[in-house]
Every structure is written in structure tokens, then in C-alpha cells.
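Undergrad: Below are the C-alpha cells for one structure; questions will follow.
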Amino acid sequence: MNEMLEEKMLFNPDGDTDVRLRRMIGGNTTNLNDFNNLRYQWSNDWYRQAMNNFWIPEEINLSQDLKDYPNLLESERRAYDKILSFLVFLDSLQSANLPNISSYITANEVNLCLHIQTFQECIHSQSYSYMLDTICSPEKRDEILYAWKTDEHLLRRNTFIGDCYNDFLRHRDAQTLVKVLFANYILEGIYFYSGFMFFYNLSRNGKMPGSAQEIRYINRDENTHLWLFRNIILELKKERPDLFTSGLVAQYRQMVETGVQMEIDWGHYVIGDDVPGLSKDLVTTYIRYLGNLRWSNLGFEDVLYPGYEKESEDLAWVSLYSNANMVKTDFFEARSTAYAKSTALVDDL
Numbered sequence: 568m569n570e571m572l573e574e575k576m577l578f579n580p581d582g583d584t585d586v587r588l589r590r591m592i593g594g595n596t597t598n599l600n601d602f603n604n605l606r607y608q609w610s611n612d613w614y615r616q617a618m619n620n621f622w623i624p625e626e627i628n629l630s631q632d633l634k635d636y637p638n639l640l641e642s643e644r645r646a647y648d649k650i651l652s653f654l655v656f657l658d659s660l661q662s663a664n665l666p667n668i669s670s671y672i673t674a675n676e677v678n679l680c681l682h683i684q685t686f687q688e689c690i691h692s693q694s695y696s697y698m699l700d701t702i703c704s705p706e707k708r709d710e711i712l713y714a715w716k717t718d719e720h721l722l723r724r725n726t727f728i729g730d731c732y733n734d735f736l737r738h739r740d741a742q743t744l745v746k747v748l749f750a751n752y753i754l755e756g757i758y759f760y761s762g763f764m765f766f767y768n769l770s771r772n773g774k775m776p777g778s779a780q781e782i783r784y785i786n787r788d789e790n791t792h793l794w795l796f797r798n799i800i801l802e803l804k805k806e807r808p809d810l811f812t813s814g815l816v817a818q819y820r821q822m823v824e825t826g827v828q829m830e831i832d833w834g835h836y837v838i839g840d841d842v843p844g845l846s847k848d849l850v851t852t853y854i855r856y857l858g859n860l861r862w863s864n865l866g867f868e869d870v871l872y873p874g875y876e877k878e879s880e881d882l883a884w885v886s887l888y889s890n891a892n893m894v895k896t897d898f899f900e901a902r903s904t905a906y907a908k909s910t911a912l913v914d915d916l
């Protein structure tokens, strides 16, 4: 039977203090933040990395972007506007939904990570607003921010994730929670990436460099969010094999495949073959490769898209922009600098 979940108590003097009894869900937590007794040791590396990743959107100079934006090709400006509308909505949705997940995660060290992620999603939303406030009129900014309500393609993409989140609020059972975890994994690891590729392509063509740098910071954060949800799912696979029966895994696979196809369709719609340096074929190749990578990184051996197991040489430039350990920039010297624990996470892009 599908297990109904109870929201964890906030004040719980009878909670377990033995770390061996701690569980990802369904545990009896005291909610005490004890940084010295962790069941999930990987959360410490994640926490330190996330703390080292702190950044402020206004650090990045967008003066060149203000000059470039009116001179973009119509195809480039259309893609820029629609992709920003998509990104700002989903990061806003993330910051609203992560506390719902946290209410049922009973490993406090993991909740600390989720709280940091929530803060980072707020920073991402702020960065998109900063980009729009800099390059657009207030009227154009509002048009872009709310395009997801009128663009059928965009609304359909948001609905796929949004309905999954709402479904958990209605049912609050273990299987639906795992589907929400997969929806987060899809969002963080697949849904954003043709958009990120678009901004990096503008930069390599000498356009909108500040926007690309904002996206690099966001991309670095998304890498850590992806790693967090991957580990949560892997821990649940060990603790709750009943939530990973062949029938349920088939449902999770279908979710990933749907996410991949939606990202491909979206990339074809907003980028197509009209943006110099990109094409529908490149979008398809990149997103199918990511779909395979995300699925295999959850420990599943079947290949979703045969022939797309390795990154295409034609897309090596994307990794150069998105590499998690190459993002931090000294704004006075414009040189790459490394964070103290930049190697704590494996960038699996």
C-alpha cells in the first residue's frame, strides 16, 4: 500500500538522537542542527560547497548587455525573452515548493541543504529581474515575466512540473513525494539546459557577456541542486526499495523521458535553426545526452537514448562555459579563481 506521510513535528523532545536511526523520510527527528553527527556524510560537502558559492547578481556588470540587446537578431531577442520568462518562473516555483519537500524530510542535515537551495533559488529569481531591469523598459519587463501565462508552449512545460508539485500537496504520500523528487531532478538537470546553452552561445559570439556570466553562476548552483536531489533519491533507493519497484521505476523513467522531450521541443521552438551557432539537431543531441547521463547517475543501467551516451564534440564549448569549477571570477582582475572546496562536488554535466 502507498504510505501516507505525516508532516514532521517542529518541537519533538521524543525524537531519536541515535544517528543510526535517522531516515530520509518517515524518521523521528528532533530537528536539532548537529553538524558533528551526520548520517548522510555527503551533506557536509554539499553544505560547504553551497556556502562557498555565495554570490550577488549585481556584482556582474551588464552595461555591455544594455548596448547589445537592441542589436540582437530578432531570433536571438525572441529566444532571450522567452527563455528568461521560463527560467524566472520555474526558479520562483522552486523557492515556493522546496519548503513543502523539507516538511517531510526527516534527516536534518539534508534539510539544511534544502534551506540553502531555497535561498539560492531566490537569488536566481533576483538575477533574472536584474537582467530585465537593466536591459528592458518596465513594460517590456512585465511582458517577459508573464509570457508563461499566454505562450502555450511555455505554459505546457510549466504545467508538467507544477501539476506534479500540486499533486503532492493534495495526496502527501510516499510515492508522490518520490515523483516530486524526480520532478526536481528533471528540472535541475534537464529542463534548463537548452536555455543555458543559448546564453553561452551568445557569449561566444561576442554578445550579452554579462547575461552569460549571470547564467554561469546560476548553472553552478543548479549543479549542486542536481547533486543534492540525486543523492536524496539514491538514499531512498537503499532505504525504501518498495518505492522503486519495476512498475514505479517505469513511471520515473517515463517522467525523465517526458522532461527530455519537452526540453527538446522547447529548444526547437525558441531556438530552432535561426540562431547563429545553434540548431535543432544540436539541441536534440545535447538534451538526449543529458537524459542518458541523468538516468545513469541514478544507478539505472538501461540507456534511454542509444547512440547518445557520450557528449558530442560539437558541444564541448558548452562544458567550457558551464564547468562548475571554472565559474568564480575576480571582477577586478577578470581571472579564474577557485573556491576552497571547489572539488567537493563532481560536475556531471
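Heads up, the sequence shown is in the working numbering, so the first residue is 568 and it goes up one at a time.
For each residue, glycine too, the CB sits at the ideal point set by N, CA and C.
Whose C-beta lies closer than 7 Å to the C-beta of L810 among residues of the same chain, with five residues either side of it excluded?
TA: Taking the first residue of the sequence shown as position 1, residue 810 is located at position 243. Hits under 7 Å: A741, Q742, V745, L803.
Undergrad: Taking just the CA atoms, how far does V870 sit from R644?
TA: For the purposes of this step, residue 644 is taken as the residue at position 77 of the sequence shown. For the purposes of this step, residue 870 is taken as the residue at position 303 of the sequence shown. Those two C-alpha atoms are separated by around 36 Å.
Undergrad: Suppose you measure from the CA of L748 to the CA of I800; what does that come to, to the nearest Å?
TA: In the sequence shown, the residue the question calls residue 748 occupies position 181. In the sequence shown, the residue the question calls residue 800 occupies position 233. One C-alpha to the other measures close to 7 Å.
Undergrad: Compare the C-alpha of S693 against each of I782, D840, N725 and name the closest.
TA: In the sequence shown, counting from the first residue as 1, residue 693 sits at position 126. Before going on, a small fix: residue 693 reads as Gln here, not Ser. Among I782, D840, N725, the Cα nearest to that of Q693 belongs to I782.
Undergrad: Do G834 and V850 count as a contact pair if the criterion is CB distance below 8 Å?
TA: As a position in the sequence shown, residue 850 is number 283, starting the count at 1. As a position in the sequence shown, residue 834 is number 267, starting the count at 1. Yes, the Cβ-Cβ distance between V850 and G834 is below 8 Å.
Undergrad: Nearest to F653 by CA position, among K716, Y732, G866, is which residue?
TA: Here residue 653 is taken as the residue at index 86 of the sequence shown, counted from 1. Comparing Cα positions, the closest option is K716.
Undergrad: Shortest alpha-carbon distance to T597 belongs to which of E755, D583, D718?
TA: On the sequence shown, position 30 is the one that residue 597 refers to. Cα-wise, what sits closest to T597 is D583.
Undergrad: Determine which residues share a DSSP beta bridge with I672 and list them.
TA: The residue you call residue 672 lines up with position 105 of the sequence shown. I672 pairs with I592.
Undergrad: In or out: G874 buried (at least 16 other Cβ within 10 Å) or exposed?
TA: Locating residue 874 in the sequence shown gives position 307, counting from the first residue. Flag for G874 reads exposed.
Undergrad: Looking only at its chain, what residues have a beta carbon closer than 8 Å to the beta carbon of L572, apart from the 5 residues adjacent to it on each side?
TA: Counting from 1 along the sequence shown, the entry for residue 572 is found at position 5. Once the five neighbours on either side are set aside, the close Cβ partners of L572 are I592, G593, Y671, R739, D740, A741, L744.
Undergrad: Expressed to the nearest angstrom, what Euclidean distance is found between the alpha-carbon atoms of C703 and V586?
TA: One-based indexing of the sequence shown puts residue 703 at position 136. One-based indexing of the sequence shown puts residue 586 at position 19. Cα-Cα distance, rounded: 52 Å.
Undergrad: Would W613 and T791 be called neighbours here (beta carbons separated by less than 8 Å)?
TA: Here residue 613 refers to the residue found at position 46 when the sequence shown is read from its first residue. Here residue 791 refers to the residue found at position 224 when the sequence shown is read from its first residue. Closer than 8 Å, so yes.
Undergrad: Helix, strand or coil, according to DSSP, for D869 in the structure here?
TA: The sequence position of residue 869 within the sequence shown is 302, counting from 1. Looking at D869 - three-state DSSP - the assignment turns out to be coil, as it is neither helix nor strand.
Undergrad: Report, in whole angstroms, the separation of the C-beta atoms of N786 and S662, which I expect to be a contact under 8 Å.
TA: One-based indexing of the sequence shown puts residue 786 at position 219. One-based indexing of the sequence shown puts residue 662 at position 95. Contact flag wrong, Cβ pair sits at about 17 Å.
Undergrad: Report buried or exposed for N751, applying the criterion of at least 16 other Cβ atoms within 10 angstroms of its Cβ.
TA: Locating residue 751 in the sequence shown gives position 184, where the first residue counts as 1. Burial call: buried.
Undergrad: For the alpha helix (DSSP H) that contains I711, what are its first and last residues?
TA: Here residue 711 refers to the residue found at position 144 when the sequence shown is read from its first residue. That run of the alpha helix (DSSP H) goes 705-712.
Undergrad: Using 8 Å as the threshold, is the stretch 723-738 in touch with the stretch 682-691, meaning 3 or more CB pairs across them?
TA: The stretch 723-738, when compared against the stretch 682-691, does not touch it at the 8 Å Cβ threshold.
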